[in-house]
Every structure is written in C-alpha cells, then in structure tokens.
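Peer 1: Read left to right, the sequence shown gives residues 4 to 160 (the working numbering). Built from N, CA and C at the ideal position, the CB exists for glycine as well. Here it is, the structure, as structure tokens.
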Amino acid sequence: MNSNEQLIFKFYTAFAKADTKTMCECYHANIQFQDPAFGILKDNDVCKMWNMLIDKSKGNIKIEFSDVKADDYSGTAKWIATYNFSKTNRKVVNVIYAQFQFKDNLIIRHTDNFDLWKWSKQALGFKGLLLGWTGFMQKQIQKQVIFSLNNYKQKAL
C-alpha cells in the first residue's frame with residue numbers, strides 16, 4: 004500500500020471513529036471539497052462540514068469504505084454512510100464514490116459523487132421520491148445544507 008492509499012485509509016478510519024481532528028489532518032490547508040449536496044466548499048469550511056455531520060449524527064453513523072486506490076497524484080475510494088437523517092429521522096444508506104487529488108502528501112481535492120435523488124427518496128420520503136430528481140429540489144437541498152452549515156459555524160464561534 005502506497006502512502007496516498009494509507010492517507011485515504013487514515014481518513015476513513017478516523018471518519019468511522021467520528022474523529023474529525025484526524026480527518027482534517029489528512030487535508031491540505033487549501034482543501035477543496037465538492038459533493039451534490041454541499042456543492043463546493045473550501046479550506047476550513049470542509050472540516051466544519053465534517054464536524055457538523057458527525058455532531059448531528061450523535062454517534063449514530065456507520066462508515067464503511069472499500070476499493071481504495073491511489074498513485075502519486077490521485078486516488079479513489081467507495082464509501083457507504085448509514086445513518087438517520089436528522090430532520091426526518093429516516094434511515095439513509097448513501098453509497099458514495101470519492102475522488103482525491105494530493106499535494107504535499109495531503110489531500111488537496113476531495114470530490115464525493117452520489118445519487119442525490121436516491122438520497123432524497125431515503126431522507127425525505129415521498130417528497131424526495133416525487134421531486135428529488137428535479138433541479139429545483141436539488142437546489143433547495145443544497146440551500147438547506149449550506150444554511151445548516153452556516154448556522155453550525157455561527158454556534159461554534
């Protein structure tokens with residue numbers, strides 16, 4: 004296993020233990036994160052997002068990861084998050100495909116890809132089933148998660 008594969012393992016092992024401090028130590032100071040729910044986050048907002056997600060799960064999140072591959076410049080992994088969505092208490096099993104880019108032996112770009120419609124069907128129920136595939140609903144989901152992140156950051160001050 005090369006050093007970047009070890010870094011990805013370290014990141015997800017920490018995630019599975021709800022250890023956001025160690026997760027964030029895997030990131031470059033100029034980290035850029037992107038996923039279908041949060042859009043693009045940069046720098047300290049990335050770690051704040053992981054802190055918020057761990058806090059909101061109240062320890063009831065299961066993280067599994069596999070298919071870790073990396074070379075000197077980029078890497079990939081598959082991970083599955085199982086949890087109850089905090090707003091509806093509905094069970095979500097989210098299958099996510101991650102891509103990484105590395106700089107200075109740290110992760111500088113982290114992109115998570117998953118089916119937002121599938122997520123919304125699980126998290127929101129009937130409303131997500133009917134509307135989760137629409138651009139409108141996906142923008143509403145993104146607005147809500149960014150609003151939640153901004154509230155979380157304000158409370159942390």
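On a CA-only basis, which of V49, A19 and F150 is nearest A32? Give me that one, please.
Peer 2: For the purposes of this step, residue 32 is taken as residue 29 along the sequence shown, with counting starting at 1. Nearest C-alpha to A32: V49.
Peer 1: Output the residue ranges of the beta strand (DSSP E) runs that lie fully inside the region 96 to 121 and measure 3 residues or longer, sorted by chain position.
Peer 2: Correct list: 109 to 116.
Peer 1: Whole angstroms is fine: what's the gap from D107's alpha carbon to L10's?
Peer 2: Position 104 of the sequence shown, counted from the start, is the residue given in the question as residue 107. Position 7 of the sequence shown, counted from the start, is the residue given in the question as residue 10. C-alpha separation (whole angstroms): 12 Å.
Peer 1: Since M26 and F41 should fall inside the 8 Å C-beta cutoff, what is the C-beta to C-beta distance between them, to a whole number of angstroms?
Peer 2: The count along the sequence shown starts at 1 and reaches residue 26 at position 23. The count along the sequence shown starts at 1 and reaches residue 41 at position 38. Not quite, the Cβ-Cβ distance comes to about 15 Å (not below 8 Å), so this is no contact.
Peer 1: With distances taken Cα to Cα, identify the nearest neighbour of L44 among Q145, Q157, K158 and A159.
Peer 2: Within the sequence shown, numbered from 1, the residue matching residue 44 stands at position 41. Looking at the Cα atoms, Q145 is the closest of the given residues.
Peer 1: Under 7 Å Cβ to Cβ from A17, same chain only, skipping five residues before and after it: list those, please.
Peer 2: Mapped onto the sequence shown, residue 17 falls at position 14. Hits under 7 Å: T25 and M26.
Peer 1: Per DSSP, what are the beta-bridge partners of D75 in this structure?
Peer 2: Counted from its first residue, the sequence shown places residue 75 at position 72. None, per the DSSP bridge assignment.
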